[in-house]
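Novice:
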Amino acid sequence: MIGNANLITKVYFPRIILPVTPALVGLVDFAIGFLLFIGLMVYYQLALSWKLLLWPVLMIPLMLFTSGLGTLLSAMNVKYRDIKYAVPFIIQLLLFATPVIYPASAVPERFRWLISLNPLTGLIEAFRAVCLPERPLDWSALGISLGVTLCLAVISVIYFNKAEGYFSDIV
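In terms of this note's numbering, the sequence shown opens at residue -5 and continues consecutively.
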């Protein structure tokens, strides 16, 4: 939002477009990567499963999460300028709190409820299950992820709409 200060102060347009655009750009990269992934699976003669058809469906909550988090943080950054310094730490925390480099089953049972509150956990596990035919989908973890993602998206839009009134004054 701060980087587009001239645009915000001079022209009226739906400002929510600004934080959502990077997520859409990332979607294009992700789609290209998915096509390359399918190509490599065919080349190496790995079993293709019907579950691969869920990949585009799983992109919807992932886009909703990234757009929601980006919208919330960009709106907060307008008023609280130090947010931009905290974002790299938030991203690093999400990386280690999400089972990207380790399976969720590696987390001790007593802490699994905590890791399941991370909206990315169910999504990453679902993407993993879609790619590996022998791995079952954990619908409960995916449901929790969807619920938390929807809450984040709603809170983000509400906060953004309230904060939008003073964007041009502060920027």
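Cβ coordinates follow ideal geometry from the N, Cα and C atoms, glycine included. Since this is a predicted model, take the numbers as computed values, not measurements.
(1) Which same chain residues, not among the five before or five after F90, have their C-beta less than 6 Å away from its C-beta?
(2) How is Q86 classed by DSSP in three states: helix, strand or coil?
(3) Does DSSP put R106 in a helix, in a strand, or in coil?
(4) Check whether the stretch 132 to 149 and the stretch 97 to 114 touch, using three or more Cβ-Cβ pairs below 8 Å as the test.
(5) Give me the Cα-Cα distance between V148 and Y37, rounded to the nearest whole angstrom.
(6) Among the residues of its own chain, which have a CB less than 7 Å from the CB of P113, if the five just before and after it don't count?
(7) Whose C-beta lies closer than 8 Å to the C-beta of G33 among residues of the same chain, with five residues either side of it excluded?
(8) Using the Cα positions of A157 and K78, report the straight-line distance between them to the nearest angstrom.
Specialist: Walking through what the data contain:
(1) Within the sequence shown, the letter at position 96 stands for residue 90. Excluding sequence positions up to five before and after F90, its CB lies less than 6 Å from no other CB in the same chain.
(2) Here residue 86 refers to the residue found at position 92 when the sequence shown is read from its first residue. Residue state, collapsed to three classes: helix.
(3) If you number the sequence shown from 1, residue 106 lands on position 112. If DSSP states are grouped into helix, strand and coil, R106 belongs with the helices.
(4) yes
(5) Your numbering for residue 148 matches position 154 in the sequence shown. Your numbering for residue 37 matches position 43 in the sequence shown. C-alpha separation (whole angstroms): 42 Å.
(6) The sequence position of residue 113 within the sequence shown is 119, counting from 1. Taken in chain order, the residues that qualify are F59, S139, V142, T143 and L146.
(7) Looking up residue 33 in the sequence shown gives position 39. Excluding sequence neighbours, G33 sits near nothing in its chain.
(8) Position 163 of the sequence shown, counted from the start, is the residue given in the question as residue 157. Position 84 of the sequence shown, counted from the start, is the residue given in the question as residue 78. Roughly 17 Å separates the two Cα atoms.
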